Amino acid sequence: MKLKRVMLFVLTLGLALGLASLSALGMVLQDGVYKVAFDKPDSFGYKAFLEMTVQGGRIESAVFDYVSSQDGSLKSEDPSYEQAMKSKVGVGPAEYTKELVKELLALQKPQVDVVAGATQSSSDFELLARAAFKKAYNGDTTESTIPQPN
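Be aware that the sequence shown starts at 3, since it is given in our numbering, and climbs by one per residue.
Below, the structure written as structure tokens:
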């Protein structure tokens, strides 16, 4: 478990330093659609992804969710998962996925506030957003994956 946390920290630090250096160079987001996902599912069988659309150098829209490795369904559309999570922590994927995207669109940066009750998903979102930003700075619209942190 400690090794996973260290790896997550190193990955986050590397992406942060990469973004900071790109911003310092005055680079802007290139128009396009940028898709990033984790390379494998989490312990619940879901793989997180982010699709970010940039127009005029600004993020115009984004979709963040988790796709089931078993049947391809979205976590935000799974009523049983929604109900189970909401009863335990007060928020479910139908809300927190939209809240994280809303903040990304408002702030126009990958660093967002953690949604209470969805700490791991907030962390997943930020990792994916950092990777998508790096791709957008370079205009690289190929779909890509990053290591699953869990």
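Where is the CB? At the ideal position from N, CA and C, for every residue including glycine. None of the values given here were measured: they were computed from a predicted structure.
Can you look up L52 in the DSSP assignment and give me helix, strand or coil? L52 falls in the strand class under three-state DSSP.
Output needed for A39: all residues of its chain with C-beta closer than 7 Å, excluding positions within five of it in sequence on either side, in chain order. So the list reads K49, A50, F51 and T147, once near-sequence residues are dropped.
CA-CA distance, R60 and G94? Their backbone Cα atoms lie some 28 Å apart in a straight line.
Measure the C-alpha to C-alpha separation of E79 and E105 and round it to an integer number of angstroms. The straight-line gap from Cα to Cα measures roughly 21 Å.
Can you tell me the Cα-Cα spacing of K42 and G58, whole angstroms? Near 33 Å, if we compare the C-alpha coordinates of G58 and K42.
Compare the Cα-Cα distances from N152 to each of F135, E145, S123 and K137 and report the closest residue. For N152, the closest C-alpha among the options F135, E145, S123 and K137 is that of S123.
Using the Cβ count rule (16 or more neighbours within 10 Å means buried), how would you classify V30? Classification for V30: exposed.
Integer Cβ distance of A86 from P112, believed to fall under 8 Å: With a contact defined as Cβ atoms closer than 8 Å, A86 and P112 miss out at about 29 Å.
Own chain partners of G92 with C-beta closer than 7 Å, once the 5 adjacent residues on each side are dropped: Closer than 7 Å at Cβ, skipping near neighbours: G119.
Is the Cβ of M87 closer than 8 Å to any Cβ of chain B? Absence of chain B from the displayed structure is noted, only one protein chain being present.
Could you check what DSSP says for V69 in three-state terms: helix, strand or coil? Strand, per DSSP.
Boundaries (first-last residue) of the beta strand (DSSP E) holding T147: S146 to I148 is the span of the beta strand (DSSP E), which, as asked, contains T147.
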